[in-house]
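Report on the following structure.
2 protein chains.
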Amino acid sequence: MVGIKRGGFMRLSTRGRYGLKAMYQLAIHYGEGPIPLKSVADRQNLSENYLEQLVSVLRKEGLLNSVRGAQGGYMLAKPPENITVGDILRILEGDIAPADCVIDGGYECENEKSCVTKTVWIKIRDSIDEVIDSITLQDMLDKRQRNEKNFIDWED
Amino acid sequence: MVGIKRGGFMRLSTRGRYGLKAMYQLAIHYGEGPIPLKSVADRQNLSENYLEQLVSVLRKEGLLNSVRGAQGGYMLAKPPENITVGDILRILEGDIAPADCVIDGGYECENEKSCVTKTVWIKIRDSIDEVIDSITLQDMLDKRQRNEKNFIDWED
DNA sequence: TTATACCCTACTATTTTTGTCAACATTCCA
DNA sequence: TGGAATGTTGACAAAAATAGTAGGGTATAA
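Quick mapping for you: the protein sequence lines, in order, are chains Z and H. So in our numbering, the last one in the first sequence is 156, and the numbering has no gaps at all. So in our numbering, the last one in the second sequence is 156, and the numbering has no gaps at all.
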């Protein structure tokens, strides 16, 4: 079984996972001015340096604004209802693509028109797209509201 | 951008991709007796040794039967309509899991009950499950039938 | 008895992931 | 005005996963 075992399937990397958690946390504090990344990293026990790399990309792509210096930090560049999970994941992880041949403008295999497995990858891709594009940060905040009874501090 | 760039997202490894292609090819020849793996590997320009590792797992899990010796080969252990894409991918790639915390019996994070990002991973997982469990090899054969005008030899 | 083909295990090269580290720039506040 | 807080950037590196390669063994048909 060497070279065969595998941890999982369709897994997101930490980039997407940490990134979404960070964005969610910033959404909770939307409207409160800049939030230092250190507070986000501490809460979630992540490397601040590593998270910084992710957040930096989100800023360049226009999802976050930053304020430098003391009392600075990061904040959402748009209201939570205008940012979807898909926006975040695509920036951090790239396009959704079970296989190369379903990336727009990407590699195409020789038998493009009749490739049957490709139709499977497309269905998978479309179904993921539908889910992540339909959930906004505001939806997540609403969900949190409904969970308030079980609320645990570190989520904020 | 160092350490930041990434090829894609929710990508299958070659294990799942090659494995499904191989199973599809064997489905095409279902009922014709054992098909040598070499013919499958040649058609798809894959390493026979590598494909053998994948196919070996599929056999152990009961999706394939094998016949050793000259004129031997592999064949589906069940009719194509009784084998789903999900059966194949789960055997080769493991359980579907955008994140560890959504694997049954797997790791659970501290704030289990109120974790909002987890609900996102669950929705993604369920939507993939629904797609791959609903497509059988027979469905893929039917699709091929409808594509017959564009039919290209190597797909067989 | 020989060629064909499955069976099994070990090894390795490459790529991706997941960070670390250090130097620097900007801003606030005492 | 100076230092502490904070964002900005790029180089580097350890660890894990992926994608094979290699080669010997075993069973069977012809």
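Even for Gly, the Cβ is constructed at its ideal location relative to N, Cα and C.
Checking the DSSP bridge columns, you'll see residue 45 of chain Z has no partner listed.
About 14 Å separates the beta carbon of residue 18 of chain Z from that of residue 63 of chain Z, a gap too long to meet the 8 Å contact definition.
Here residue 93 of chain H is buried: its Cβ has 16 or more other Cβ atoms, across all protein chains shown, within 10 Å. Within chain H, the residues 8, 9, 10 and 11 have their CB atoms less than 9 Å from the CB of residue 96 of chain Z, given in chain order.
Using a CB distance cut-off of 7 Å, residue 140 of chain Z counts as an interface residue toward chain H. When C-beta distances to chain H are compared with 9 Å, the residues of the region 72-99 of chain Z below that value are 85, 89, 90, 92, 93, 94, 95, 96, 97, 98 and 99, in chain order. In the pairwise beta carbon analysis, the region 35-47 of chain Z is classified as not touching the region 24-31 of chain H: fewer than three pairs are separated by under 8 Å. Taking a Cβ-Cβ cut-off of 9 Å, residue 136 of chain Z has no neighbours in chain H, whose nearest Cβ is about 11 Å from it. For residue 118 of chain H, the nearest beta carbon of chain Z is not closer than 7 Å to its own beta carbon. Among the bridge pairs identified by DSSP, residue 66 of chain Z is matched with Z:74. Under DSSP, residue 128 of chain Z forms no beta bridge with any residue.
At least one C-beta of chain H is nearer than 7 Å to the C-beta of residue 124 of chain Z.
For residue 83 of chain H, the three-state secondary structure derived from DSSP is coil. Counting C-beta atoms within 10 angstroms of its own C-beta, residue 42 of chain Z has fewer than 16 neighbours from the protein chains shown and is therefore classed as exposed.
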